[in-house]
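Going by the numbering used here, the first residue of the sequence shown is number 4, and it counts up by one from there.
Even for Gly, the Cβ is constructed at its ideal location relative to N, Cα and C.
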Amino acid sequence: MTNVRNAYYERMMSSEKDAPAGASKPTLRYCIASTPRSGSTLLSRTLEATGLAGVPMEYFNNSFMGGWQRLNSGRGIQLQSYIAELESRRTTSNGVFGVKTHWSQLQLIANQSRLPFTSILQTAVGNYTKFIQINRRDKLAQSISLHIGNQTKVYHSDQTNLGSAENVATFDASAISVNIARLFIEEASWSKYIKERGVDAIEVIYEDLIADHAGTCQRVFDFLGLTGVDIPLPPTRKLETSETAEFRRLYLKHLGT
4 MTNVRNAYYE RMMSSEKDAP AGASKPTLRY CIASTPRSGS TLLSRTLEAT GLAGVPMEYF
64 NNSFMGGWQR LNSGRGIQLQ SYIAELESRR TTSNGVFGVK THWSQLQLIA NQSRLPFTSI
124 LQTAVGNYTK FIQINRRDKL AQSISLHIGN QTKVYHSDQT NLGSAENVAT FDASAISVNI
184 ARLFIEEASW SKYIKERGVD AIEVIYEDLI ADHAGTCQRV FDFLGLTGVD IPLPPTRKLE
244 TSETAEFRRL YLKHLGT
């Protein structure tokens, strides 16, 4: 199973996913400032499918970075040169480069490198001029989805082959509560950072993206200055498990409601 998982992330970081005939250097850098299970993958893959919005992936996710290292003979990652290489490969012909990242992914890089978090944040997204913050109103549903993903190791509909019989989701009220707190903290951290920087930003709500995919994506395209773009059909399907509704019922029962 490890080999299958490794192969998935190596493919995500391989030339197969590079932007065709890309620009040599970005003229627009944007960040999808996300939290786990917020619909950010649906949004990022829709943007990628236009062929005009870069290839916004979780480049600061440990699994993606590990895939890059395996493709590069185990070479260590120096963040600034790593980003420069990605920009040279995944900037679309109109000069747009995008990245999707969770606040906690940048915190993990800081912890592992023993560098100040502010330094990592500046290197990673300090020169980005547009931010798309994606949030989810129903934090309980988001937390349960994260809890199930953490246990099964399957987070998206194209990862169902990455799970195994040993990775079964079990109800854990404490873990779900911790997730809820974490999600609020990460969301607030992004909001504070964006406000303090004063950068151009919009908020996308998961529930709106699901209810009106075309309309919500059009608003994002307009924000990025992408005109005359056909809105792709949703490139991913919502990942539902049999445990989702049951875990919600059990959690509300745990709270006495």
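Check whether L186 and S148 have beta carbons under 8 angstroms apart: The residue you call residue 186 lines up with position 183 of the sequence shown. The residue you call residue 148 lines up with position 145 of the sequence shown. No, the Cβ-Cβ distance between L186 and S148 is not below 8 angstroms.
Cutoff 6 angstroms; reference F226; Cβ partners in own chain excluding five residues on either side: Counting from one through the sequence shown, the residue named residue 226 turns up at place 223. Correct list, in chain order: I205.
Those residues which DSSP pairs with G101 across a bridge: As a first step, residue 101 must be located in the sequence shown, where it is residue number 98. BP columns for G101 point to Y33.
I188 burial status per 10 Å Cβ neighbour count (16 or more: buried): In the sequence shown, residue 188 corresponds to position 185, counting from 1. It is exposed - the Cβ of I188 has fewer than 16 other Cβ atoms within 10 Å.
Test item: CB-CB of A113 and F120 under 8 angstroms: Position 110 of the sequence shown, counted from the first residue, corresponds to residue 113. Position 117 of the sequence shown, counted from the first residue, corresponds to residue 120. Contact: yes.
Assigned secondary structure, Q81 (DSSP; H/G/I helix, E/B strand, else coil): Position 78 of the sequence shown, counting from 1, holds the residue named residue 81. DSSP places Q81 in coil when its eight states are reduced to three.
Cα-Cα separation between N130 and G152, rounded to whole angstroms: Numbered from its first residue, the sequence shown carries residue 130 at position 127. Numbered from its first residue, the sequence shown carries residue 152 at position 149. Whole-angstrom Cα-Cα distance: 32 angstroms.
Any non-hydrogen atom of the ligand ADP closer than 7 angstroms to S43 Cβ: In terms of ligand content, the structure shown is empty, and the ligand ADP therefore cannot be addressed.
The beta strand (DSSP E) enclosing D203, as first and last residue numbers: Position 200 of the sequence shown holds residue 203. Looking at the DSSP string, the run of the beta strand (DSSP E) that includes D203 is 203-208.
Limits of the beta strand (DSSP E) - the one that N138 falls within: Here the question's residue 138 lines up with position 135 in the sequence shown. Looking at the DSSP string, the run of the beta strand (DSSP E) that includes N138 is 133-138.
Nonlocal neighbours in the same chain, by C-beta distance under 6 angstroms from V102, ignoring five residues either side: Within the sequence shown, numbered from 1, the residue matching residue 102 stands at position 99. Correct list, in chain order: C34, P59, Y62.
L55 versus T5: straight-line alpha-carbon distance, rounded: If you number the sequence shown from 1, residue 55 lands on position 52. If you number the sequence shown from 1, residue 5 lands on position 2. Between L55 and T5, the C-alpha separation is close to 34 angstroms.
Residue closest to G25, alpha-carbon to alpha-carbon, out of S107, R92, A214, L109: Residue numbering aside, residue 25 sits at position 22 when the sequence shown is read from its first letter. G25 has its Cα closest to that of R92, out of S107, R92, A214, L109.
Three-state secondary structure assigned by DSSP to M16: Locating residue 16 in the sequence shown gives position 13, counting from the first residue. Correct three-state label for M16: coil.
For S47 and D211, the rounded distance between their alpha carbons: Working through the sequence shown from its first residue, we reach residue 211 at position 208. Working through the sequence shown from its first residue, we reach residue 47 at position 44. D211 and S47 have their alpha carbons spaced roughly 15 angstroms apart.
Beta-carbon proximity check, W106 vs S180, cutoff 8 angstroms: Reading the sequence shown from its first residue, position 103 is the one you call residue 106. Reading the sequence shown from its first residue, position 177 is the one you call residue 180. Result no, Cβ atoms of W106 and S180 do not sit closer than 8 angstroms.
Straight-line Cα distance separating S41 from T104: As a working note, residue 104 is residue 101 in the sequence shown. As a working note, residue 41 is residue 38 in the sequence shown. Their backbone Cα atoms lie some 11 angstroms apart in a straight line.
R32 classed as buried or exposed, judged by whether at least 16 other C-beta atoms fall within 10 angstroms: Sequence index remark: in the sequence shown, residue 32 carries index 29 (1-based). R32 comes out buried.
One or two residues paired with M60 in a DSSP bridge: Walking along the sequence shown from the start, residue 60 turns up at place 57. V102.
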